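Before any comments, here is the structure.
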Amino acid sequence: MSSESASVIGRFSDILRKYLRRLVPSAVKMSFYYDVGQNFERGEKSFTHLLLDSASYVYKVFSVSEGLLYKHYKMFAKDLIDLTSAIEDALSFTSLYMNLLVVFAMLLMVFLAWKP
1159 MSSESASVIG
1169 RFSDILRKYL
1179 RRLVPSAVKM
1189 SFYYDVGQNF
1199 ERGEKSFTHL
1209 LLDSASYVYK
1219 VFSVSEGLLY
1229 KHYKMFAKDL
1239 IDLTSAIEDA
1249 LSFTSLYMNL
1259 LVVFAMLLMV
1269 FLAWKP
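All residue numbers for the sequence shown refer to our numbering, where the first residue is 1159 and numbers rise by one.
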């Protein structure tokens, strides 16, 4: 782990411990110290490290799944663009074909009208 990421995790750990100290009253700290036989500081540090490790794991999983989701979305968008292009080509051909039929029908009507 680089020193920069270690200092960031250290700062997050300090912030979490500060908020944890605000949440847990002094009486609970004292009973925790006497009942369990360890000081509150060690439990506090292990709890904050557990929270930070869990958050780091969730971020890693999210970043991997986000990359896969983006990859599949990109493939879906490309396929959708290809489908739209194919539909436009088909409609263009159909429109051209219908225009040719209309022109042919008009020419046939003119030819039949002039024929005695």
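Beta carbons: idealized from backbone N, C-alpha and C, even for Gly. The structure displayed is predicted, hence computed values, not measured ones.
Residue i in three-state terms, based on DSSP
i, result
"Lys1273", "coil"
Proximity to residue i [Cα-Cα], best of the options
i, options, result
"Leu1210", "Phe1269, Lys1273, Asp1237 and Asp1172", "Asp1172"
C-beta atoms of residue i and residue j nearer than 9 angstroms
i, j, result
"Phe1220", "Leu1178", "no"
"Arg1175", "Glu1202", "yes"
Cβ shell of residue i (< 7 angstroms), same chain only, five flanking positions each side left out
i, result
"Ile1167", "Leu1210"
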